[in-house]
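Single-structure report; data block below.
2 protein chains.
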Amino acid sequence: MYLSHGTLSVPAAHIADVRLLLQRVASATRQENGCLLYLVSEQLEHPGAFVISEQWDSLEAMQTHLAQPAVGEAVAAVRSMGVSDLTITAWEAVGELRVM
Amino acid sequence: MYLSHGTLSVPAAHIADVRLLLQRVASATRQENGCLLYLVSEQLEHPGAFVISEQWDSLEAMQTHLAQPAVGEAVAAVRSMGVSDLTITAWEAVGELRVM
C-alpha cells in the first residue's frame with residue numbers, strides 16, 4: 001500500500017476557491033482505480049493551509065493518478081493563485097499497526 | 101520513519117470544543133521527542149470530521165507518545181462527547197518519493 005501526504009498554503013483571497021477545487025479533485029480521484037482513500041482537509045490553526053491524505057493500493061495506481069490531465073490542471077490552477085509551497089510526498093507503507 | 105493517520109467524527113454540538121482540544125494536543129505533541137510532524141485538520145466536505153496526520157522518527161517515539169496520560173485523556177474526552185468512530189492507524193514508511 002502506498003501513502004501520500006500533500007500540503008499547500010493558499011493566499012486569503014483564494015481560500016474559498018481552493019476549498020471547492022480540492023473537493024472536486026477529491027470526488028473525481030475517489031473514482032480512480034486503486035484509490036483507497038483521498039481526504040482533503042484544512043488545518044485547524046491555519047485557514048488556507050490544506051492537507052491531502054491519500055492511500056493507494058499500488059505505486060502504479062498512484063502514478064496513473066498523478067499523470068491524469070486533471071491533476072496537472074489543478075496544480076497549475078493553485079500555482080496561478082499564488083501557491084508556492086505545494087508539496088506531495090509518498091511512501092510505501094508496511095507493517096500496518098491498528099492503534100485504535 | 102513512521103506515519104500515523106487518525107480520523108474521528110464529532111457530533112455538531114461538540115465540534116467547536118474538539119477543534120480547540122485537537123489544537124492543544126497538537127501543540128503539546130510537537131514538543132515530544134521524535135515528533136517530525138503533527139497536523140490536525142478538518143475535512144472540507146464534512147465539518148466535524150477531523151484528520152490527524154503524524155510523522156515520527158521511530159516506532160519507540162510514537163509509542164511513547166501514545167502512552168502519555170494526555171493522550172488517554174484526550175481519547176476519553178472525545179468519547180464522552182459522543183465520538184464513536186475514532187481510528188488511528190500507523191505504518192512504517194519506506195522508499196520516500198518526493199512527488200512535488
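Chains as they are written, first to last, in my numbering: chain F, 1 to 100; chain B, 101 to 200.
Every residue gets a Cβ at the ideal spot worked out from N, C-alpha and C, and that includes glycine.
At a cut-off of 8 Å, the C-beta of glycine 134 of chain B has no neighbouring C-beta in chain F. Taking 8 Å as the cut-off, the Cβ atoms of serine 4 of chain F and alanine 49 of chain F do not count as close. Any Cβ of chain F closer than 8 Å to the Cβ of glutamate 160 of chain B would place that residue at the interface, and such an atom is absent. Secondary structure of leucine 108 of chain B (DSSP, three-state): strand. In the structure shown, glutamine 143 of chain B adopts extended strand secondary structure according to DSSP, grouped into three states.
For valine 140 of chain B, the closest C-alpha among the options B:Gly195, B:Ile188, B:Ala193 and B:Ala161 is that of B:Ile188. Taking glutamate 92 of chain F as the centre and dropping the five residues before and after it, the same chain places the C-beta of Tyr2 closer than 7 Å to its C-beta, in chain order. Setting aside the 5 residues that flank it on each side, valine 83 of chain F is surrounded in the same chain by Leu8 and Val10, each with a C-beta closer than 6 Å to its C-beta; the list follows chain order.
Neighbours of histidine 165 of chain B across chain F, judged by C-beta separation under 8 Å, do not exist; the nearest C-beta is about 10 Å away. Within the region 23-89 of chain F, the complete alpha helix (DSSP H) runs of at least 4 residues fall at 59-66 and 69-80. Counting the other Cβ atoms within 10 Å of the Cβ of valine 94 of chain F gives fewer than 16, which makes it exposed.
Considering only beta carbons, the part of the region 176-193 of chain B lying closer than 7 Å to chain F consists of Leu186, Thr187, Ile188, Thr189, Ala190, Trp191, Glu192 and Ala193, in chain order.
The Cβ-Cβ distance between alanine 174 of chain B and valine 125 of chain B falls below 8 Å. Of all residues in the region 10-41 of chain F, those with a C-beta nearer than 9 Å to a C-beta of chain B are Arg19, Leu20, Leu22, Gln23, Ala26, Ser27, Leu37, Leu39, Val40 and Ser41, reading in chain order.
If you check the CB distance, leucine 36 of chain F and alanine 77 of chain F do not come in under 8 Å.
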